[in-house]
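K.L.:
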Amino acid sequence: MVVLWWSANLAFGASAPYASPTNIFAPASTPADSIFGLSLFVLAVSAAIFVLVVGLLAYCVVKFRKREDDDGREPPQVYGSNQVELAWTVIPVLIVVALFMATARVIATVQNPARTSNTIEIVAIGHQFWWEYRYPGLKVVTANELHVPVSDLAHPTPTHIELLSADTDHSFWVPRLAGKTDLIPNHPNNTWIDPHETGLYLGQCAQYCGTQHAKMLLRVYVQSQEDFERWIEEQRRPAQLSAAVSEGQHIFETTACINCHTVSGTVANGRFGPDLTHLMSRDTIAAGAAANNPENLRRWIQNPETIKPGSLMPAMQLNDREVDAVTAYLETLR
Amino acid sequence: MSTDSIVWPRSESLSRPFVDQLHEWITTVDHKQLGIMYIVYALIFLVIGGVEATVMRIQLIRPHNDFVSPQVFNRMFTMHGTTMIFFVAMPIMFGFGNYLLPLMIGARDMAFPRLNAFSFWLTAFGGFLLYFSLLGANGLYGAGNAPDVGWFAYAPLTSLAFSTGHSTDFWTLSLLVSGFGSIGTAINIIATIVCMRCPGMTLGKMPLLAWLNLVMAGLVLLAVSPLTAAQIMLMIDRYLGGHFFDTQAGGSAVIWMHFFWIFGHPEVYVLIIPAFAFISEIVPVFSRKAMFGYPIMVAATVAIGFLSMSVWAHHMFTVGMSSNANTFFVLSTMAISVPTGIKIFNWLATMWGGKILFKTPMLFAIGFLFQFLIAGLTGVMLSAAPFDWQLGNSYFVVAHFHYVIVGGILFALFGAFYYWFPKMSGKMCSETLGRWHFWLFLIGFHLTFDFMHIPGLLGMPRRIYTYEPGRGWDTWNLIITVGVVFQSLGILVFVYNLLWSYFRGEIAGSDPWDAWTLEWSTSSPPPAYNFATIPTVRSRRPLWDLKHPQDPDWKYE
Amino acid sequence: MTVPEPNWVLPARGPVAMFCLIAAEAAIFTIFVVAYLFYAGKNPMGPQPRDVLEAPIFYSICLLSSSLTIHMAVAALRKGSIRNFGAWWGATIVLGATFLYGTASEWHRLIYREGLTISTNLFGTTYYSLVGLHGSHVVIGLVAMTTVMAFAFLGKVSQEHAERVDVLSLYWHFVDAVWVVVFTVVYIIGR
Numbered sequence: 466m467v468v469l470w471w472s473a474n475l476a477f478g479a480s481a482p483y484a485s486p487t488n489i490f491a492p493a494s495t496p497a498d499s500i501f502g503l504s505l506f507v508l509a510v511s512a513a514i515f516v517l518v519v520g521l522l523a524y525c526v527v528k529f530r531k532r533e534d535d536d537g538r539e540p541p542q543v544y545g546s547n548q549v550e551l552a553w554t555v556i557p558v559l560i561v562v563a564l565f566m567a568t569a570r571v572i573a574t575v576q577n578p579a580r581t582s583n584t585i586e587i588v589a590i591g592h593q594f595w596w597e598y599r600y601p602g603l604k605v606v607t608a609n610e611l612h613v614p615v616s617d618l619a620h621p622t623p624t625h626i627e628l629l630s631a632d633t634d635h636s637f638w639v640p641r642l643a644g645k646t647d648l649i650p651n652h653p654n655n656t657w658i659d660p661h662e663t664g665l666y667l668g669q670c671a672q673y674c675g676t677q678h679a680k681m682l683l684r685v686y687v688q689s690q691e692d693f694e695r696w697i698e699e700q701r702r703p704a705q706l707s708a709a710v711s712e713g714q715h716i717f718e719t720t721a722c723i724n725c726h727t728v729s730g731t732v733a734n735g736r737f738g739p740d741l742t743h744l745m746s747r748d749t750i751a752a753g754a755a756a757n758n759p760e761n762l763r764r765w766i767q768n769p770e771t772i773k774p775g776s777l778m779p780a781m782q783l784n785d786r787e788v789d790a791v792t793a794y795l796e797t798l799r
Numbered sequence: 042m043s044t045d046s047i048v049w050p051r052s053e054s055l056s057r058p059f060v061d062q063l064h065e066w067i068t069t070v071d072h073k074q075l076g077i078m079y080i081v082y083a084l085i086f087l088v089i090g091g092v093e094a095t096v097m098r099i100q101l102i103r104p105h106n107d108f109v110s111p112q113v114f115n116r117m118f119t120m121h122g123t124t125m126i127f128f129v130a131m132p133i134m135f136g137f138g139n140y141l142l143p144l145m146i147g148a149r150d151m152a153f154p155r156l157n158a159f160s161f162w163l164t165a166f167g168g169f170l171l172y173f174s175l176l177g178a179n180g181l182y183g184a185g186n187a188p189d190v191g192w193f194a195y196a197p198l199t200s201l202a203f204s205t206g207h208s209t210d211f212w213t214l215s216l217l218v219s220g221f222g223s224i225g226t227a228i229n230i231i232a233t234i235v236c237m238r239c240p241g242m243t244l245g246k247m248p249l250l251a252w253l254n255l256v257m258a259g260l261v262l263l264a265v266s267p268l269t270a271a272q273i274m275l276m277i278d279r280y281l282g283g284h285f286f287d288t289q290a291g292g293s294a295v296i297w298m299h300f301f302w303i304f305g306h307p308e309v310y311v312l313i314i315p316a317f318a319f320i321s322e323i324v325p326v327f328s329r330k331a332m333f334g335y336p337i338m339v340a341a342t343v344a345i346g347f348l349s350m351s352v353w354a355h356h357m358f359t360v361g362m363s364s365n366a367n368t369f370f371v372l373s374t375m376a377i378s379v380p381t382g383i384k385i386f387n388w389l390a391t392m393w394g395g396k397i398l399f400k401t402p403m404l405f406a407i408g409f410l411f412q413f414l415i416a417g418l419t420g421v422m423l424s425a426a427p428f429d430w431q432l433g434n435s436y437f438v439v440a441h442f443h444y445v446i447v448g449g450i451l452f453a454l455f456g457a458f459y460y461w462f463p464k465m466s467g468k469m470c471s472e473t474l475g476r477w478h479f480w481l482f483l484i485g486f487h488l489t490f491d492f493m494h495i496p497g498l499l500g501m502p503r504r505i506y507t508y509e510p511g512r513g514w515d516t517w518n519l520i521i522t523v524g525v526v527f528q529s530l531g532i533l534v535f536v537y538n539l540l541w542s543y544f545r546g547e548i549a550g551s552d553p554w555d556a557w558t559l560e561w562s563t564s565s566p567p568p569a570y571n572f573a574t575i576p577t578v579r580s581r582r583p584l585w586d587l588k589h590p591q592d593p594d595w596k597y598e
Numbered sequence: 769m770t771v772p773e774p775n776w777v778l779p780a781r782g783p784v785a786m787f788c789l790i791a792a793e794a795a796i797f798t799i800f801v802v803a804y805l806f807y808a809g810k811n812p813m814g815p816q817p818r819d820v821l822e823a824p825i826f827y828s829i830c831l832l833s834s835s836l837t838i839h840m841a842v843a844a845l846r847k848g849s850i851r852n853f854g855a856w857w858g859a860t861i862v863l864g865a866t867f868l869y870g871t872a873s874e875w876h877r878l879i880y881r882e883g884l885t886i887s888t889n890l891f892g893t894t895y896y897s898l899v900g901l902h903g904s905h906v907v908i909g910l911v912a913m914t915t916v917m918a919f920a921f922l923g924k925v926s927q928e929h930a931e932r933v934d935v936l937s938l939y940w941h942f943v944d945a946v947w948v949v950v951f952t953v954v955y956i957i958g959r
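Protein chains in written order, with the numbering used here: chain F, 466 to 799; chain X, 42 to 598; chain Z, 769 to 959.
#1: Identify, in the order they occur along the chain, each residue of the same chain with its Cβ nearer than 6 Å to the Cβ of residue 767 of chain F, setting aside the five sequence neighbours on each side.
#2: Helix, strand or coil for residue 867 of chain Z per DSSP?
#3: Specify, as a first and last residue, the run of the alpha helix (DSSP H) that residue 491 of chain X falls within.
#4: With 8 Å as the threshold, decide whether the Cβ of residue 789 of chain Z is near any Cβ in chain X.
#5: Quick check for students: name the residue ranges of the alpha helix (DSSP H) that lie wholly in the stretch 276–332 of chain X, counting only runs of 4 or more.
#6: So is residue 58 of chain X buried or exposed if we call it buried at 16+ other beta carbons inside 10 Å?
#7: How many whole angstroms separate the CB atoms of residue 721 of chain F and residue 781 of chain F, which I take to be in contact at a CB cut-off of 8 Å?
#8: Let me know if residue 210 of chain X comes out buried or exposed under the rule of 16 or more other beta-carbons within 10 Å of its beta-carbon.
#9: With a CB to CB cut of under 7 Å and the five nearest residues on each side skipped, what residues in its chain are close to residue 262 of chain X?
#10: Please state whether DSSP places residue 259 of chain X in a helix, a strand or coil.
#11: So who's on the other strand from residue 140 of chain X, going by DSSP bridges?
#12: Can you tell which of X:315, X:215 and X:546 has the C-alpha that lies nearest to the C-alpha of residue 260 of chain X?
#13: Could you name the residues of chain Z that residue 270 of chain X contacts, counting a contact when the two beta carbons are closer than 7 Å?
#14: For residue 821 of chain Z versus residue 932 of chain Z, is the C-beta spacing smaller than 8 Å?
#15: Could you please tell me which residues of the stretch 92–113 of chain X, in chain order, have their CB closer than 8 Å to any CB of chain F?
#16: Show which residues of chain X have a CB atom less than 7 Å away from the CB atom of residue 875 of chain Z.
#17: Out of F:636, F:656 and F:643, point me to the one whose CA is closest to residue 649 of chain F's CA.
#18: I'd like to know whether the C-beta atoms of residue 334 of chain X and residue 390 of chain X end up nearer to each other than 8 Å.
#19: Rank F:515, F:552, F:501 and F:506 by C-alpha distance to the C-alpha of residue 414 of chain X and give the top, closest one.
#20: How would you list, in chain order, the residues of chain F whose beta-carbon sits under 7 Å from the beta-carbon of residue 506 of chain X?
#21: Does any residue of chain X have a CB that is nearer than 8 Å to the CB of residue 837 of chain Z?
#22: Under 8 Å between the Cβ atoms of residue 435 of chain X and residue 497 of chain X?
#23: Below 8 Å, how does it come out for the stretch 496–503 of chain F and the stretch 422–441 of chain X: are there three or more Cβ pairs, yes or no?
#24: Are the CB atoms of residue 684 of chain F and residue 749 of chain F within a distance shorter than 8 Å?
#25: Kindly indicate the opening and closing residues of the alpha helix (DSSP H) around residue 633 of chain F.
#26: Who are the neighbours of residue 153 of chain X on chain Z, taking C-beta pairs under 9 Å?
#27: Among the candidates F:775, F:752 and F:740, whose CA atom is the shortest distance from the CA of residue 798 of chain F?
#28: Output yes or no for whether 8 Å exceeds the beta carbon distance between residue 673 of chain F and residue 504 of chain X.
#29: Select from X:115, X:193 and X:446 the residue whose C-alpha is nearest the C-alpha of residue 131 of chain X.
#30: Would the beta-carbon of residue 423 of chain X fall within 8 Å of that of residue 443 of chain X?
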């Protein structure tokens, strides 16, 4: 029954990748492609074994059941057979050898890729419960929404991501782009992707990291080369300050906000929470937990527990006027 | 021809004061009573663990549900896993082992009856300690409740920095204490099997259940100890300022994973091997044939025992080990599927050419064969490391291991209950209720765990208290939760059957199944001394020899 | 089922159980040794092994000789000479206690003179854990042996108890063997 569903899903997934945006059978990047190819082989072998053995079981259950007209004698007692035992040892060993060799090949190609000169290097740092992204070569720091360029198969521009953690274990899993790799403190890891098509790819943290593990969501925006470069330019600029929101800015900078958050070009340079310099360039807040619109932003600032209970951002005990002012200030951080 | 031994009438009558009976049970060192206590204890925790699972499934029935808070949910999955593994599965296997082993090898009790009782009470206390955390875990900051770090308690989430209060300590200490109990029972099992077999019962003539429990006990000795060591290290980190897993001071989170899984993987073989033992006793009797390939079954089990100590890092494929390390663990994990498959083929060969009786134990055994095969195949999928990079830590893995533990181990256990309940209580279980139990539970099991593979394939990770709509996971989660209803009904029917049969079941007699191993030669229930005279045996099926004097096994083995 | 089986002799349960316990304990020690070796050389700061460790040769000889004395004690008990048993047994206890004193004085020096505690650095954590785990097993052994000594003084130990006392000596031999491994790992390899 499971096999039927898998096959249906495979067919379904291949033809309609957006039936689920996180379908592992709808790969859009080379690591995910390699895994998909291997998975088809493994599934086929498993399906064949399943059909054979269940067939034998069903046959036994039907053919050798005790009949109504049984003569009451015990059936012939067979204690074993060396030939049979040999056969069903050797054949599984051969199957294992085949599976193993196919697997070893994919491990080698995915884990040890060649690095080209136009690989984008990103450092991803896992936090409880958000993602920090740094582009050291491009001098960009952002959070939660990752932008990468699309990679043409002829002239690849893959993205290489070094994976670190600031606190406990996390895991970076965007199924359509690659298998998951963990972010472990004091144990740098790395992964790579080369998405073939532009679009938004979803995922989430896949290693239990505490209360809000469930809402540490991943959003990877794969853009054309020009769009990506434009985004990089925008992210590189310091914050555009405006007198209209100076009250909000003042509250922000004299409350504990700046202990955790950075707004480049101002005194705020905390690293515990996400960089907010270009907060308004993101579609979501709280690592994907809520859409980035004024009411959600206001709710979040007033009391994060209402959106993400267990988040490490405290409610700052601001009164309504102060919350409005700070929200207005943040709304200008494009 | 009677296979009954002489039974002294029970001197105690049912009108003994309750306090006296209670005192007898609490101070007993008799393997049968301890076995039953282990089993009853495990059944109580099975219900508690089931409630925890039900709470989780209700929370996950639709996206963004708010049946419980994330904090409560995280405690639920931690307690559910810890309870089911350490206070249901292990005690129930020790319980059946304790009850059956002396009877099946022709001994009067286990090698060390007092150690037996001590080990039981240690395990029992461990369970109590774990649940006491609900009341007693408030530390300095008023934080703390039941543990919420997951049943494998990865570092550094368990360090004082991230787990304040005492919840993690209750996890650590309860398992440390029950771990000593497990080691005590394992020592007892090995000593009993090695030193107390009745005359004529060489190692090659003892029932497969004895062989499998021997291998299981050896694994317990080698596997539980690494967990004990790691937990001592965790306590040193938390309370003596140690740095074993303190990543801020150069410690390693990965080494906790290695130590845990060096325990964790053999642990699951500790759980499945006794299940294999039950199937190896039930399938021959209800196919009316000797076990096909007894020596190979022994060899395969020993091979599984050894190999199981070499596969642990297949739980760590996503952790960033080198490609060489990943490749090694792929090979060892795929290799272990060979002896496991051989066992399935041998069971099928036992059924082949037999006369199969579809009594309740056999229904569950057939369910086991079907489901364990599927579980093994999803295991092979997970063993292909790159495939695991997608499937690992997702609901596919959760589906896989529940397929093994519920579809495999629990089905085998249900079979064992129906098979040996007559021996333990003297009454037959109702076949009708048994069938209701089987079909209800089968439907519920498949609704839940077949469909659980799919959210995993669609990207749903495990241990999340809620999920986003629009990922294609909603319908599947609904179906999964619906299955819980059928499983619960099945369990209710099962418990009712046990109780009803105990009071109103048909008298079983000593050998209701026309079986062939020594436990069926004594009365049901057996007297305290098990056998009036210690038997001498000449083959693997002593009662077959008695029932077929013209065609005994020892001529052919 | 009634053919009498002559010469049906199975191993004694005491030694079998003790070997099982030894297997389990060996597994626990192995994990601590692995942790020690894994972290060897990974201390960025704090006292380093080669600077502060002095191999306790004398005390190790004491402990290893106690394996010899306990063997002599059991042999004496098998022969029935309770006097000699008492003397050798007592010697074992003294040698074991001397070893413990050695560990204690080494720890005193490390803590108060060298400033190395279990929380100082990874070396401190792994060193005190491993040596401490071994030391705790020495303590347990000494408590058991002292109990037997007390029974011997009360005249309750006789030749028929030789097998049981032998089982205890197996434990003690294990403790000594572990020390050989710990000594090699900590004082030879780890430096």
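Even glycine gets a Cβ: it sits at the ideal position worked out from N, Cα and C. These numbers come from a predicted model, not from an experiment.
P.N.:
On the basis of the coordinates in this document:
#1: Along the first sequence, one-based indexing puts residue 767 of chain F at 302. Closer than 6 Å at the Cβ level, and outside the excluded window around residue 767 of chain F, lie 788.
#2: By 1-based counting over the third sequence, the position of residue 867 of chain Z is 99. DSSP places residue 867 of chain Z in helix when its eight states are reduced to three.
#3: Counting from one through the second sequence, the residue named residue 491 of chain X turns up at place 450. From DSSP, the alpha helix (DSSP H) with residue 491 of chain X extends over 472–492.
#4: Counting from one through the third sequence, the residue named residue 789 of chain Z turns up at place 21. Yes, contact with chain X.
#5: Under the rule that a run must span 4 or more residues, the alpha helix (DSSP H) segments found entirely inside the stretch 276–332 of chain X read 294–328.
#6: For the purposes of this step, residue 58 of chain X is identified with residue 17 of the second sequence, where counting begins at 1. Burial call: exposed.
#7: Taking the first residue of the first sequence as 1, we reach residue 721 of chain F at position 256. Taking the first residue of the first sequence as 1, we reach residue 781 of chain F at position 316. Yes, residue 721 of chain F and residue 781 of chain F are in contact; Cβ-Cβ is about 7 Å, under 8 Å.
#8: Your numbering for residue 210 of chain X matches position 169 in the second sequence. Under this definition residue 210 of chain X is a buried residue.
#9: Taking the second sequence and counting its residues from 1, the one referred to as residue 262 of chain X is at position 221. Counting only Cβ-Cβ distances below 7 Å, and skipping sequence neighbours, we find 224 and 227.
#10: Within the second sequence, the letter at position 218 stands for residue 259 of chain X. Three-state DSSP puts residue 259 of chain X in a helix.
#11: As a working mapping, residue 140 of chain X is identified with position 99 in the second sequence. Per DSSP, none; premise fails for residue 140 of chain X.
#12: Position 219 of the second sequence, counting from 1, holds the residue named residue 260 of chain X. For residue 260 of chain X, the nearest C-alpha among the options comes from X:315.
#13: Start at 1 with the first residue of the second sequence, and residue 270 of chain X comes out as number 229. The contacting residues are 796, 799 and 800.
#14: One-based indexing of the third sequence puts residue 821 of chain Z at position 53. One-based indexing of the third sequence puts residue 932 of chain Z at position 164. No.
#15: Residues of the stretch 92–113 of chain X with a Cβ closer than 8 Å to any Cβ of chain F, in chain order: 110, 111 and 112.
#16: Locating residue 875 of chain Z in the third sequence gives position 107, counting from the first residue. Under the 7 Å cutoff, chain X gives no residues; its nearest Cβ is about 14 Å from residue 875 of chain Z.
#17: Taking the first residue of the first sequence as 1, we reach residue 649 of chain F at position 184. With distances taken between Cα atoms, residue 649 of chain F lies closest to F:636.
#18: The count along the second sequence starts at 1 and reaches residue 334 of chain X at position 293. The count along the second sequence starts at 1 and reaches residue 390 of chain X at position 349. It is a contact, given that the beta carbons lie within the stated cut-off.
#19: Start at 1 with the first residue of the second sequence, and residue 414 of chain X comes out as number 373. Minimum Cα-Cα distance from residue 414 of chain X among the listed residues F:515, F:552, F:501 and F:506 corresponds to F:515.
#20: Translated into positions along the second sequence, residue 506 of chain X becomes position 465. The answer, in chain order, is 679.
#21: As a first step, residue 837 of chain Z is located in the third sequence; it is residue number 69 there, counting from the start. It does not: the Cβ of residue 837 of chain Z has no partner Cβ on chain X nearer than 8 Å.
#22: Along the second sequence, read from residue 1 onward, the residue named residue 435 of chain X stands at position 394. Along the second sequence, read from residue 1 onward, the residue named residue 497 of chain X stands at position 456. Their beta carbons are under 8 Å apart, which means residue 435 of chain X touches residue 497 of chain X by this criterion.
#23: yes
#24: To locate residue 749 of chain F, count along the first sequence from 1; it is residue 284. To locate residue 684 of chain F, count along the first sequence from 1; it is residue 219. Taking 8 Å as the Cβ cut-off, residue 749 of chain F and residue 684 of chain F qualify as a contacting pair.
#25: As a first step, residue 633 of chain F must be located in the first sequence, where it is residue number 168. Premise fails: residue 633 of chain F is in no alpha helix (DSSP H) and is neither H nor E.
#26: For this step, residue 153 of chain X is matched to residue 112 along the second sequence. The contacting residues are 781 and 785.
#27: In the first sequence, the residue the question calls residue 798 of chain F occupies position 333. Minimum Cα distance to residue 798 of chain F is reached at F:740.
#28: If you number the first sequence from 1, residue 673 of chain F lands on position 208. If you number the second sequence from 1, residue 504 of chain X lands on position 463. Taking 8 Å as the Cβ cut-off, residue 673 of chain F and residue 504 of chain X qualify as a contacting pair.
#29: By one-based count along the second sequence, residue 131 of chain X stands at place 90. Taking only the C-alpha atoms, the option nearest residue 131 of chain X is X:446.
#30: Numbered from 1 along the second sequence, position 382 holds the residue referred to as residue 423 of chain X. Numbered from 1 along the second sequence, position 402 holds the residue referred to as residue 443 of chain X. No. Outside cutoff.
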